[in-house]
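Chemist: Going by numbering that gives the first Met the number 0, 203 is the number at position 204 of the sequence shown; the sequence numbering is gapless. Note that CB positions come from ideal geometry on N, CA and C, so glycine has one too. Okay, here's the structure, questions in a sec.
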Amino acid sequence: MYGHTYRTSQMEELTTFLTSIGEEVEDAEEECFLLFAQDIPSANLGFVDSRATSVDVTIHGQDYTIHQSPTLLSSSRAGGTTGAVLWKITPLFAEWITNHQSNPLWQHSVLSTSSAVIELGCGISGLIALALSPSITHYIATDQEYVHRLLRENLDANTRTPKHAPRSKGNAKKPSKHGSKTAKSGPQPKVTFTSLDWETDDPAVLKDSIPGGSGADDGDKGFDVLLSCDCIYNEALVAPLVRTCADVCRLRPVYNPERELGDDGKMPTVCVIAQQQRSPDVFEAWLRETLRLFRVWRVSDEVLGGKLASGSGYLVHVLLLRQMDS
Numbered sequence: 000m001y002g003h004t005y006r007t008s009q010m011e012e013l014t015t016f017l018t019s020i021g022e023e024v025e026d027a028e029e030e031c032f033l034l035f036a037q038d039i040p041s042a043n044l045g046f047v048d049s050r051a052t053s054v055d056v057t058i059h060g061q062d063y064t065i066h067q068s069p070t071l072l073s074s075s076r077a078g079g080t081t082g083a084v085l086w087k088i089t090p091l092f093a094e095w096i097t098n099h100q101s102n103p104l105w106q107h108s109v110l111s112t113s114s115a116v117i118e119l120g121c122g123i124s125g126l127i128a129l130a131l132s133p134s135i136t137h138y139i140a141t142d143q144e145y146v147h148r149l150l151r152e153n154l155d156a157n158t159r160t161p162k163h164a165p166r167s168k169g170n171a172k173k174p175s176k177h178g179s180k181t182a183k184s185g186p187q188p189k190v191t192f193t194s195l196d197w198e199t200d201d202p203a204v205l206k207d208s209i210p211g212g213s214g215a216d217d218g219d220k221g222f223d224v225l226l227s228c229d230c231i232y233n234e235a236l237v238a239p240l241v242r243t244c245a246d247v248c249r250l251r252p253v254y255n256p257e258r259e260l261g262d263d264g265k266m267p268t269v270c271v272i273a274q275q276q277r278s279p280d281v282f283e284a285w286l287r288e289t290l291r292l293f294r295v296w297r298v299s300d301e302v303l304g305g306k307l308a309s310g311s312g313y314l315v316h317v318l319l320l321r322q323m324d325s
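Dropping the structure here:
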């Protein structure tokens, strides 16, 4: 009886979360017109400083030094080089998603100390992983293999003794079974990098990359939250990115507010997609493709705060995989 009640309350919590974040998006063309009709500040391409070999960033009073590669950025490497430097939206998004007091992801236990998170297109900085990983159980950062060396350098150089993780309603009486492994001081293997090709790789094996194989020892191949920050800038990437998001989400149950969770008690994967406003055509192409497979909510200004709100030139949407007719 307790298990039934707990699973029902989890689904109700998720429904409340969705109600709290903003309006559901129904039409790609209408959403695109609404967002791009407003004045958008010029941010060039969106680099913090594409010529610097290192960039200093502060998030919630914590200082980070991010090493980057202007040389790699300007190279003619096949497959792209945009992950070689830090982008302006990344520190803002990292600060927002780690605000445990006001962010509804934490308030409604979508994120908790027992969460497993995957990031698509992490780039070399590892900044979101650095800021978020001390508060959760597992963080898998994915991108093309070329970012690996600098990413590891940044993770190693900026890892500090983790502070006490926040307590949220969803885990106050239900600590993570892995908690004893992640509470030690000093650098921890809580951030795992694995290369992920959006065209060919299978997300079902991603948790196998976690050291010790502890990521899926309960049989769960899925993730609580999927993050993607500033990966939507090229129309050719739209279909592979959306398809990869959907493949990750299929590792968990689909959201259905009229039905309680399955016997395994797993919540649907919540996707949080942040991006800079650049091309309306690329944005509309992404949203049109996304709406075929996902329900979409645009996070409201009240939830985002000033740095990511309307007029900032940045957008954050939340996605949940649709219940498709069989």
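Span of the alpha helix (DSSP H) holding Ala51?
Modeler: Neither: Ala51 is in no alpha helix (DSSP H) and is coded neither H nor E.
Chemist: Taking the alpha helix (DSSP H) that Gln106 belongs to, which residues open and close that run?
Modeler: Segment 103-106, the alpha helix (DSSP H) holding Gln106.
Chemist: Out of curiosity, what's the CA-to-CA distance linking Val204 and Asp38?
Modeler: Taking the straight line joining both Cα atoms gives about 43 angstroms.
Chemist: Which first and last residues belong to the alpha helix (DSSP H) in which Thr89 is found?
Modeler: Counting along the chain, the alpha helix (DSSP H) containing Thr89 begins and ends at 88-96.
Chemist: Whole angstroms is fine: what's the gap from Trp285's alpha carbon to Ile231's?
Modeler: If I take the Cα positions, the gap works out to 7 angstroms.
Chemist: May I ask which residues mark the beginning and end of the alpha helix (DSSP H) holding Glu28?
Modeler: Here the alpha helix (DSSP H) through Glu28 covers 27-35.
Chemist: Locate the beta strand (DSSP E) running through Val317, then write down its first and last residues.
Modeler: 313-320 is the extent of the beta strand (DSSP E) around Val317.
Chemist: Below 8 angstroms CB to CB, which residues in the same chain sit around Gln118 once its five sequence neighbours on both sides are set aside?
Modeler: The sequence given here places Glu at residue 118; Gln does not occur at that position. Answer for Glu118: Ile127, Ala128, Tyr138, Ile139, Ala140, Thr141, Leu225, Leu226, Ser227, Cys228, listed in chain order.
Chemist: For the alpha helix (DSSP H) that contains Thr199, what are its first and last residues?
Modeler: Element bounds for Thr199: n/a, residue is neither H nor E.
Chemist: Does any residue of chain B bring its CB to less than 9 angstroms from the CB of Glu29?
Modeler: This model lacks chain B altogether; it includes just one protein chain.
Chemist: If you draw a straight line from the alpha carbon of Tyr145 to that of Glu257, how long is it in whole angstroms?
Modeler: Distance between the alpha carbons of Tyr145 and Glu257: 44 angstroms.
Chemist: How many angstroms separate the CA atom of Lys189 from the CA atom of Pro210?
Modeler: Using only the alpha carbons, I get a separation of about 9 angstroms.
Chemist: Please give me, in chain order, every unbroken run of the beta strand (DSSP E) with length at least 3 that falls completely inside the segment 284-309.
Modeler: As far as the segment 284-309 is concerned, its whole beta strand (DSSP E) runs of at least 3 residues are 293-297.
Chemist: Can you tell me which of Glu12, His147, Thr112, Glu288 puts its alpha carbon nearest to the alpha carbon of Thr97?
Modeler: Comparing Cα-Cα distances from Thr97 to each of Glu12, His147, Thr112, Glu288, the minimum goes to Thr112.
Chemist: Skipping 5 residues on each side, what residues in its chain have a beta carbon closer than 6 angstroms to that of Leu318?
Modeler: Taken in chain order, the residues that qualify are Cys270, Phe293, Val295.
Chemist: Using CA coordinates, which residue listed in Leu91, Leu34, Gly221, Glu152 is at the minimum distance from Pro252?
Modeler: When only C-alpha atoms are compared, the closest one is Gly221.
Chemist: Considering only the beta carbon of each residue, do Met10 and Met266 sit closer than 9 angstroms?
Modeler: For Met10 and Met266, yes; Cβs fall inside 9 angstroms.
Chemist: Can you tell me which of the three DSSP states Tyr254 falls into?
Modeler: Note: Tyr254 maps to coil in three-state DSSP.
Chemist: Just how far apart, CA to CA, sit Leu195 and Glu234?
Modeler: For Leu195 and Glu234, the distance between alpha carbons rounds to 19 angstroms.
Chemist: In this structure, what does DSSP give as the bridge partners for Glu118?
Modeler: Bridge partners of Glu118: Ala140, Leu226.
Chemist: Nearest CA to the CA of Lys306: which residue from Gly120, Cys248, Thr89, Val247?
Modeler: Closest by alpha carbon: Thr89.
Chemist: Restricting to Cα atoms, I'd like to know which of His147, Ser108, Pro133, Arg277 is closest to Glu61.
Modeler: What sits at residue 61 in the sequence shown is Gln, not Glu. Comparing Cα positions, the closest option is Pro133.
Chemist: Measure the CB-CB distance between Val327 and Pro202 and report whether it falls below 9 angstroms.
Modeler: Nothing about residue 327 can be reported from this structure: the residues present for the chain run from 0 to 325 only.
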